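Asks: Sequence lines, in order, name chains A and B.
The opening position of the first sequence corresponds to residue 1 in this note's numbering, with each subsequent residue numbered one higher.
The opening position of the second sequence corresponds to residue 1 in this note's numbering, with each subsequent residue numbered one higher.
Below is the structure I would like to discuss, written out as structure tokens.
There are 2 protein chains.
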Amino acid sequence: MVVSHQIPMGKYATSIDDVRAAAKRIRGVGHRTPILTSKTLDQLAGRKLFFKCENFQKIGAFKFRGGWNAISMLSDKDAKKGVCTHSSGNHAQAVAYAALKRGIPAYIVMPNNSPGVKLEAVKGYGANITLCEPTSEARQTTLEKISEKTGAEVIHPFNNPNVIAGQGTAALEMIEDLGNLDAIIAPIGGGGLMSGTCITTRSLLPNTKLFGAEPKGADDAYRSLKEGKMLPQESPNTICDGLLTGLGENTWDILKDHLNAIYTVSDDEVIKAMKLIWERMKIIIEPSCATPVAAVMSPEFKELKGIEKVGIILTGGNIDLSKIPF
Amino acid sequence: MVVSHQIPMGKYATSIDDVRAAAKRIRGVGHRTPILTSKTLDQLAGRKLFFKCENFQKIGAFKFRGGWNAISMLSDKDAKKGVCTHSSGNHAQAVAYAALKRGIPAYIVMPNNSPGVKLEAVKGYGANITLCEPTSEARQTTLEKISEKTGAEVIHPFNNPNVIAGQGTAALEMIEDLGNLDAIIAPIGGGGLMSGTCITTRSLLPNTKLFGAEPKGADDAYRSLKEGKMLPQESPNTICDGLLTGLGENTWDILKDHLNAIYTVSDDEVIKAMKLIWERMKIIIEPSCATPVAAVMSPEFKELKGIEKVGIILTGGNIDLSKIPF
């Protein structure tokens with residue numbers, strides 16, 4: 001592999017060396033997830049697609065990578081007080097699972113309207129759950145109280161540089177396995193996965209295009225990139241429950257410099273893409289995970305020239321099977 | 001690998017050499033499907049499980065193997081008149097796809113109450129479909145008429161020795177990849193997969209236990225093994241739409257000598273097992289495919305001693321997503 005450090009060390013919160021170090025920590029603890037292909041999907045997209053299956057990752061989502069990397073890096077002294085975060089989704093499971101693996105307490109703040117299936121999953125990893133009102137303020141203040149009281153380290157779901165480094169290992173494995181790719185596309189919520197993917201890809205494959213995918217109903221990154229400044233996520237409205245959050249300073253800092261474009265997709269397109277993957281590839285992906293699939297199937301994306309091999313990060317497969325949207 | 005020919009050549013319709021030859025024909029045309037594992041499933045079963053994912057095979061089921069092997073073996077003279085079969089399920093798709101690959105016509109007789117999704121799939125591979133009344137007699141006489149009129153070769157879904165040889169390649173790949181296994185378990189419909197699996201496994205791993213799984217509502221093989229003679233399938237009643245048929249002379253001949261046991265499972269157990277695989281492994285399997293999973297989760301199976309590593313053939317993932325049974 002040609003290693004070309006296109007990004008000066010120290011320019012961002014996370015470097016390619018951080019990603020490589022994260023990969024070593026993750027090896028043997030997480031799964032090196034398979035990359036699947038489908039001739040039918042290739043035909044529909046008009047190019048070759050490579051699906052990095054993070055739905056097969058520990059806890060069913062890429063979030064394991066960042067959670068484990070950040071938690072395994074804590075000193076024994078810091079770690080023994082435990083870790084905490086607020087999340088109703090895959091990051092909560094990632095932190096709970098990583099804490100269980102390290103043998104330290106996890107404190108998870110979850111909104112009191114979280115689906116039972118998600119509460120059960122987090123409980124299943126032995127975490128202490130605190131329910132709060134379903135507002136950003138309540139989540140933040142509850143988290144601060146718990147952190148203060150317990151001394152537990154707050155693990156931010158995407159702005160934490162070690163989380164970004166962990167998420168960058170998915171692209172690292174994909175590039176190691178496939179060599180060159182003309183483009184890589186992944187969903188953007190808080191931007192942890194996408195910024196880690198940017199660091200990895202720009203360092204190893206400087207000419208590869210980097211695309212984000214967002215729901216039209218939560219398109220803050222799209223608007224931010226257009227305006228050239230980080231805009232907040234305002235009243236998101238989408239089926240993609242993993243992409244409701246706004247960006248962070250550290251993730252935006254990377255995304256603004258390296259993203260080639262962001263494609264936005266409707267919830268209808270997401271549901272169609274999700275069903276397509278279930279039907280043709282026989283694997284389960286959650287709605288947020290279907291955004292890049294919907295993007296590559298869009299007429300706009302199909303018009304792109306000079307892009308033959310596209311890597312798609314399938315981010316997760318955690319969906320309540322009693323609430324399938326088709 | 002220790003090659004121990006426990007089965008004299010010529011004893012059955014299909015030999016290990018036939019399976020090996022089939023493997024060569026299938027290589028590069030079909031997928032060498034992955035073998036997945038799950039710690040959660042291992043814990044639930046109380047032993048190590050290895051899932052051979054034929055739901056990722058061409059046409060979404062292992063049936064591709066037998067269909068392709070039989071059709072690719074036809075002489076050019078025989079092949080040019082085409083192939084025909086009656087099936088409303090995965091074998092229909094396998095024959096249609098294999099014929100398309102070989103560039104010859106396929107004539108498929110399907111009952112006129114076949115779900116639209118199955119008709120579409122077979123049509124999608126360019127086959128000529130003839131609808132008939134949904135009775136065994138109508139299917140058989142319609143097929144005979146078509147074969148007579150066109151000269152197309154009838155490809156029996158399971159009693160054809162070359163189909164059995166093709167189905168035996170799934171176990172062959174599994175044994176090549178994993179080495180020793182204490183047991184292999186697969187569903188039994190007409191017995192094509194299970195008899196091919198017996199030939200392969202008894203030849204390569206003489207001491208490995210061979211188990212079948214059947215729905216309680218279509219337990220002809222279970223009853224046959226108990227009685228020591230091939231009994232017909234009588235008014236089957238199960239959600240497992242791929243396991244409704246009776247055995248054939250060639251498959252029974254092998255099964256009666258080599259099966260260690262057949263486990264029968266209720267439709268409720270099948271649905272529970274299917275949901276478990278969807279939720280925890282993030283892959284889609286159809287009801288028939290869930291029977292061996294349900295079997296290994298049963299108290300009866302858990303009591304077995306001396307069986308640590310179990311290979312499970314996940315046979316297919318073709319399910320109408322608008323009719324998920326949970």
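Positions of the beta carbon are idealized from the N, C-alpha and C atoms, including for glycine.
All values derive from a computational prediction rather than experimental measurement.
If the criterion is Cβ atoms closer than 9 Å, does the pair Ala106 of chain B and Asn162 of chain B meet it?
Replies: In this structure, Asn162 of chain B does not lie closer than 9 Å to Ala106 of chain B by Cβ.
Asks: Return the residue from the list A:Ile307, A:Met110, A:Ala295, A:Lys118 that minimises the CA-CA distance to Pro134 of chain A.
Replies: That would be A:Met110, whose Cα lies nearest to the Cα of Pro134 of chain A.
Asks: Give the secondary structure of Leu181 of chain A by DSSP, where H, G and I count as helix, E and B as strand, and everything else as coil.
Replies: Three-state DSSP puts Leu181 of chain A in coil, outside helix and strand.
Asks: Is the distance from the Cβ of Val66 of chain A to the Cβ of Gly196 of chain A below 9 Å?
Replies: Strictly speaking, residue 66 of chain A in this sequence is Gly, with Val absent from that position. Yes, Cβ-Cβ distance for Gly66 of chain A and Gly196 of chain A is below 9 Å.
Asks: Going by alpha carbons, who is nearest to Val19 of chain A out of A:Pro187, A:Ala218, A:Ile164, A:Asn180?
Replies: Nearest option by C-alpha distance: A:Ile164.
Asks: Can you say whether Arg102 of chain B is buried or exposed, counting buried as having 16 or more other CB atoms within 10 angstroms of its CB?
Replies: Under this definition Arg102 of chain B is a buried residue.
Asks: What are the residues in the segment 25-56 of chain A lying within 7 Å of chain B by C-beta distance?
Replies: Listed in sequence order: Pro34, Asn55, Phe56.
Asks: Classify Pro187 of chain A as buried or exposed, calling it buried when 16 or more other Cβ atoms lie within 10 Å of its own Cβ.
Replies: Its Cβ being crowded by 16 or more others within 10 Å, Pro187 of chain A is buried.
Asks: How would you call Met281 of chain A, buried or exposed, if buried means at least 16 neighbouring beta carbons within 10 angstroms?
Replies: The residue is buried, with at least 16 neighbouring Cβ atoms inside 10 Å.
Asks: Counting Cβ pairs closer than 8 Å, one from the segment 237-253 of chain A and one from the segment 262-277 of chain A, do we hit at least three?
Replies: Counting Cβ pairs under 8 Å, three or more are found: they touch.
Asks: Determine the closest residue to Lys52 of chain B out of B:Glu300, B:Gln167, B:Lys123, with distance taken between C-alpha atoms.
Replies: The candidate whose alpha carbon is nearest that of Lys52 of chain B is B:Gln167.
Asks: With which residues is Lys77 of chain A paired in a DSSP beta bridge?
Replies: Answer is none; Lys77 of chain A lacks a bridge partner.
Asks: With 16 as the cutoff for other CB atoms within 10 Å, does Thr40 of chain A come out buried or exposed?
Replies: It counts as exposed.
Asks: Given a threshold of 16 other Cβ atoms within 10 Å of its Cβ, counted over all protein chains shown, does Phe326 of chain A qualify as buried or as exposed?
Replies: Per the 10 Å Cβ criterion, exposed.
Asks: Give the secondary structure of Thr130 of chain A by DSSP, where H, G and I count as helix, E and B as strand, and everything else as coil.
Replies: Residue state, collapsed to three classes: strand.
Asks: Look at the alpha carbon of Leu276 of chain A and the alpha carbon of Lys323 of chain B, and state the distance between them as a whole number of angstroms.
Replies: Distance between the alpha carbons of Leu276 of chain A and Lys323 of chain B is about 16 Å.
Asks: Using 9 Å as the limit for Cβ to Cβ distance, is Ser322 of chain A near chain B?
Replies: True, the Cβ-Cβ gap to chain B drops below 9 Å.
Asks: Hey, out of B:Gly311, B:Lys149, B:Asp320, B:Leu321, whose CA is closest to Ile205 of chain B's CA?
Replies: Residue identity differs from the one stated: residue 205 of chain B is Leu in this sequence, not Ile. Comparing Cα-Cα distances from Leu205 of chain B to each of B:Gly311, B:Lys149, B:Asp320, B:Leu321, the minimum goes to B:Gly311.
Asks: Under a Cβ-count criterion, where at least 16 other Cβ atoms within 10 Å of its own Cβ denotes burial, should Ser147 of chain A be classed as buried or exposed?
Replies: Buried, by the Cβ-count rule.
Asks: By the three-class DSSP mapping on this structure, what secondary structure does Ala92 of chain A have?
Replies: Three-state result, Ala92 of chain A: helix.
Asks: With C-beta atoms as the reference, is Ile283 of chain B less than 9 Å away from Ile319 of chain A?
Replies: Their beta carbons are not under 9 Å apart, which means Ile283 of chain B does not touch Ile319 of chain A by this criterion.
Asks: Roughly how far, in whole angstroms, is the beta-carbon of Asp220 of chain B from the beta-carbon of Gly179 of chain B, given that I think they are within contact range, below 8 Å?
Replies: That pair is no contact at about 34 Å.
Asks: Have a look at Leu44 of chain B and Val95 of chain B and give me their C-alpha separation to the nearest angstrom.
Replies: Going by the C-alpha atoms only, they are around 37 Å apart.
Asks: Determine whether the Cβ of Ile312 of chain A lies closer than 9 Å to any Cβ atom of chain B.
Replies: Answer no: the Cβ-Cβ gap between Ile312 of chain A and chain B never drops below 9 Å.
Asks: Between the beta-carbon of Gly217 of chain B and the beta-carbon of Met194 of chain B, is there less than 9 Å?
Replies: Against a cut-off of 9 Å, the Cβ pair of Met194 of chain B and Gly217 of chain B comes out as no contact.
Asks: Which same chain residues end up closer than 7 Å to Ile104 of chain B when comparing Cβ atoms and leaving out the 5 residues on each side of it in sequence?
Replies: The residues are Ala79, Lys80, Gly82, Val83.
Asks: Consider the Cβ of Val2 of chain A: report whether some Cβ of chain B lies at a distance smaller than 9 Å.
Replies: Because Val2 of chain A sits at a pLDDT of 42, beneath the cut-off of 50, its placement in the model cannot be relied upon, and the following sentence gives the value as read from the coordinates. No - not a single Cβ of chain B is within 9 Å of the one on Val2 of chain A.
Asks: Quick check on the DSSP output: what are the complete beta strand (DSSP E) runs of length 3 or more inside the segment 230-294 of chain B, in order along the chain?
Replies: For the segment 230-294 of chain B, whole beta strand (DSSP E) runs of length 3 or above, ordered along the chain, are 261-265.
Asks: Measuring only the C-alpha atoms, how far is Pro232 of chain B from Leu36 of chain B?
Replies: Distance between the alpha carbons of Pro232 of chain B and Leu36 of chain B: 35 Å.
Asks: Which residues of chain B have a Cβ atom closer than 7 Å to the Cβ of Trp278 of chain A, listed in chain order?
Replies: Under the 7 Å cutoff, chain B gives Ile284, Leu321.
Asks: Taking Glu303 of chain A as the reference, which of A:Met274, A:Tyr263, A:Cys289 has the closest Cα?
Replies: Ranking the options by Cα distance to Glu303 of chain A, first place goes to A:Tyr263.
Asks: Do Thr208 of chain B and Asp177 of chain B have their C-beta atoms within less than 9 Å of each other?
Replies: Taking 9 Å as the Cβ cut-off, Thr208 of chain B and Asp177 of chain B do not qualify as a contacting pair.
Asks: By how many angstroms is the C-alpha of Leu243 of chain B removed from the C-alpha of Tyr97 of chain B?
Replies: Using only the alpha carbons, I get a separation of about 21 Å.
Asks: Looking at the C-beta of Gly60 of chain A, does it have a partner C-beta in chain B at a distance below 9 Å?
Replies: With 9 Å as the cut-off, Gly60 of chain A counts as an interface residue toward chain B.
Asks: Where does Gly311 of chain A sit, in a helix, a strand or coil, going by DSSP?
Replies: DSSP places Gly311 of chain A in strand when its eight states are reduced to three.
Asks: Compare the C-beta of Lys272 of chain A with all C-beta atoms of chain B and state if any pair is closer than 9 Å.
Replies: So no, Lys272 of chain A is outside the interface.
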